[in-house]
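Protein chains in written order, with our numbering: chain A, 25 to 324; chain B, 1204 to 1430.
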Amino acid sequence: MDTKHPTESPALTEQNPEPQADPGTDLGQLRPMVSVGGEPAAKPEKRSREVGNVELQGLNAYYGSNHAVRDVSLAFDSARVTAIIGPSGCGKSTMVRCINRMHEEIAGARSEGQVLLDGLDLYDPRIDIVAVRRSVGMVFQKPNPFPTMSVIDNVTAGLRLTGASRGELEDRGREALVGAGLWDEVKDRLKGPGVGLSGGQQQRLCIARALAVNPEVLLMDEPCSALDPVATLRIEELIAELKQRVTIVIVTHNMQQAARVADTTVFMLDGELVEVGPTDKLFTNPDDDRTEQYVTGKFG
Amino acid sequence: MAETRTQYQEDLDALEASALGGLDLVSAALGRTLEAVEHQDVELAQLVIADDDRIDGRYLEVHQALITLLATQSPVATDLRLISALLHVLKNVERMGDQCVNICKVIPLTGNEPPADEEMVRLILAMGKQTRTLISQSKRAFEDRNVEMARDLVRQDDVVDNLNRECFGLALEIGDDPDRREWAMTMLLAARAIERIADNAVDIGEQVAFVVTGLFREFEDASHPTV
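What follows is the structure in structure tokens.
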């Protein structure tokens, strides 16, 4: 693993070991899950809409000599859905995988620049990577429930690592299943195998699993590409509900899906950020000619 | 990147040509209508009325094809604005055709040898000629995506409006003879219909601006005129 990451953030130098919050900002409230030094901070009682702002500053990502993401600076606002669109190989998945530090898990992959979650640099060497992934959950293209686990065990798998009590596991597991819109369908088969569910249910199970650890950000990489239209619509409705609780970043090849679910849409091409804007603007009157060409399907 | 969706693009181009071709049908209908007014030609007027089915048919055919394109191709950005504009253009074309029919319907009411006022007929023919200019200019502005040319339609429309006012003035002074007054009232209806056709051409110009800029603004707001 070759993760090279400058930590020039003025807030995180040796002389200034603790990140500085703006005057009047409650640091603990803003950073409930991730803290410098790897110790999880106290879980907040209530989620603030101010929590879960992600900012990329001059992000570059590489696979060996392949420069996959080129100097991207971009903010993902909390309580909003941001869709990333662009042709295959444009770097959209790579960019998203930098947010929860999945990119560096690939041999030869590295990144430069900053990824800030509520002002905190997630690539700071003192950050606990497990805490990052707890705060920034991810759902993948293909539903991937743990094959040997029951429905409820799948949901609470992450929680069990935190040493939660049995009662707490049940409560939070149920809460997550309700949140993922799956409870009514699986409440009588919680002990049944997770892989026994339909594809759409399995994907919502994976969303429930991500939600169970109370993330601030949920990354979705083509979450509906393996699902039928009805299951896709269920996920899209779920996204609309969840955006009140988590910042959602969704990578999609389906432009109608981006148009339906996203508040903000980002268009990438050849690793570069071409255009960011309100979704309705991007799909009716984009500023950049390359965006126009792509969304109208003139190339791809 | 390879060029894609060529069939879709060809379909959209063909539909645009077909919708704008409706303006040629309207221009021809207006030309015949003016001839019918000039010569009090009731038969020609009947022909224009019957022929309006062609304009209505064009409306239905292109409208349906555009809806199908919306449903099957999910157009966005410029394509979406173009389709939205073409739906408006079609509606305008259909209305323009109906105005020609309205004029042709009143021609028989004036009788075989009406007490026509030459000056008034001259004004109406001038209005019609100017309106045909507006129709062809609106078509060209759309084809060329030329906002400046589209905006110029307002100036051209002012000519029609002024002629229309002159018509009104003449009608007021036409005298006491009931037959002449009835004829003049009928001609005022015709002038009014032509004036509306010219307004429809300006509306098409506004759609040109929408396709190009993405913003819809009335060139002139009739309810808030800037005098």
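Note that beta-carbon positions come from the ideal geometry of N, C-alpha and C, so glycine has one too.
Please look up how many angstroms separate the CB atoms of residue i and residue j, rounded, as I've assumed it's under 8 Å.
i       : j       : result
A1222/B : L1289/B : 5 Å
G76/A   : T288/A  : So it is not a contact: roughly 14 Å between Cβ atoms.
V1240/B : A1401/B : In fact, because the Cβ distance is near 16 Å, the residues do not count as touching under 8 Å.
P1317/B : Q1249/B : Their Cβ separation, rounded to whole angstroms, is 17 Å, which puts P1317/B and Q1249/B out of contact at 8 Å.
L1391/B : F1419/B : Between F1419/B and L1391/B the Cβ distance is about 32 Å, and since that is not below 8 Å, they are no contact.
S22/A   : Q81/A   : Not covered by the structure: residue 22/A. The range shown for chain A is 25 to 324.
L293/A  : C114/A  : 5 Å
T118/A  : V156/A  : The Cβ separation is near 17 Å, so there is no contact.
R1325/B : V1414/B : That belief does not hold up - the Cβ atoms of R1325/B and V1414/B are roughly 37 Å apart, past 8 Å.
Q281/A  : E260/A  : 7 Å
I1286/B : L1273/B : 6 Å
V1279/B : T308/A  : 7 Å
E128/A  : N84/A   : Going by Cβ atoms, the distance from E128/A to N84/A rounds to 13 Å, so no, they are not a contact pair.
M1323/B : L1373/B : 5 Å
K1342/B : L1226/B : 4 Å
Have a look at residue i and residue j and give me their C-alpha separation to the nearest angstrom.
i       : j       : result
R55/A   : D142/A  : The predicted model places R55/A with a pLDDT of 42, which falls under 50 and marks its position as unreliable; any figure quoted below should be read in that light. R55/A and D142/A: Cα-Cα distance of roughly 7 Å.
E246/A  : H277/A  : 7 Å
V300/A  : L306/A  : 8 Å
R1208/B : L206/A  : 39 Å
L1215/B : V1245/B : 39 Å
E79/A   : D148/A  : 14 Å
A107/A  : S1230/B : 47 Å
D1424/B : V1265/B : 29 Å
V120/A  : F164/A  : 11 Å
R134/A  : T1281/B : 39 Å
D95/A   : R150/A  : 24 Å
L221/A  : D212/A  : 12 Å
E1398/B : S1339/B : 15 Å
G1314/B : D1380/B : 15 Å
C122/A  : K322/A  : 30 Å
A204/A  : L262/A  : 7 Å
G191/A  : E199/A  : 12 Å
G132/A  : V298/A  : 26 Å
G1417/B : D312/A  : 13 Å
V1411/B : M126/A  : 48 Å
H1427/B : A264/A  : 41 Å
Q1359/B : V319/A  : 37 Å
Q138/A  : L242/A  : 19 Å
E194/A  : L201/A  : 11 Å
Y86/A   : E1213/B : 40 Å
K116/A  : K267/A  : 20 Å
Kindly list the residues whose CB is nearer than 7 Å to the CB of residue i, restricted to its own chain and excluding five residues on each side of it in sequence; keep chain order.
i       : result
V1422/B : Correcting the residue identity first, residue 1422/B is Phe in this sequence and not Val. Result list for F1422/B: R1354, V1357, V1405, G1408 and E1409, in chain order.
E316/A  : P310
L1237/B : L1328 and G1331
N1403/B : N1295, R1298 and M1299
Q1276/B : Y1211
W1386/B : T1313, P1317, P1318 and A1319
Please go through the same chain and pick out, in chain order, the residues whose beta-carbon is closer than 8 Å to the beta-carbon of residue i, but skip the five residues on each side of it.
i      : result
S223/A : Note on identity: in this sequence residue 223/A is Gly, with Ser being the wrong assignment. P167, A250, L251, D252 and A255, listed in sequence order.
G5/A   : In the structure as shown, chain A begins at 25 and stops at 324. Residue 5/A is therefore absent and cannot be evaluated.
P239/A : M57, R158, S159, V160, G161 and V270
S112/A : H277
Q303/A : Here the sequence assigns Thr to residue 303/A, which means Gln is not the residue at that position. Taken in chain order, the residues that qualify are A107, A282, A283, A286, D287, T288 and T289.
C248/A : Q227, A255, T256, I259, E260, T276, N278 and Q281
L130/A : Just to set this straight, residue 130/A is Ile in the shown sequence, not Leu. Counting only Cβ-Cβ distances below 8 Å, and skipping sequence neighbours, we find Y87.
What does a CB cutoff of less than 6 Å around residue i pick up in its chain, not counting 5 residues either side in sequence?
i       : result
A1268/B : L1218
V210/A  : V175
G197/A  : I176, V179 and T180
I274/A  : A107 and M244
I1306/B : T1236, A1393 and A1396
F100/A  : V78, T106, T271 and V273
S89/A   : none
Y1262/B : L1293 and E1297
Closer than 9 Å, CB to CB, is residue i near chain D or not?
i      : result
G321/A : Although the question refers to chain D, the structure presented lacks it and instead comprises the protein chains A and B.
Of all the residues that make up the stretch 1278-1294 of chain B, which are near chain A by a beta-carbon distance shorter than 8 Å?
P1278, V1279, A1280, T1281, D1282, L1283 and R1284
Is it a yes or a no for the stretch 180-188 of chain A touching the stretch 228-245 of chain A, going by three-plus beta-carbon pairs under 8 Å?
yes
Near-chain A residues of the stretch 1208-1236 of chain B (beta-carbon distance less than 9 Å), N- to C-terminal order:
R1208, Y1211 and Q1212
Name, going along the chain, the residues of the stretch 1364-1384 of chain B whose beta-carbon falls closer than 9 Å to a beta-carbon of chain A.
none
Pairs of beta-carbons, one from the stretch 1293-1312 of chain B and one from the stretch 1250-1266 of chain B, closer than 8 Å: are there three or more?
yes
Members of the stretch 1399-1419 of chain B near chain A, C-beta cut-off 9 Å:
T1416, G1417 and L1418
Where the stretch 290-316 of chain A meets chain B: residues whose CB sits under 7 Å from a CB there:
F307, T308, N309, P310 and E316
The stretch 266-287 of chain A: positions lying closer than 8 Å to chain B by Cβ:
M279, Q280 and A283
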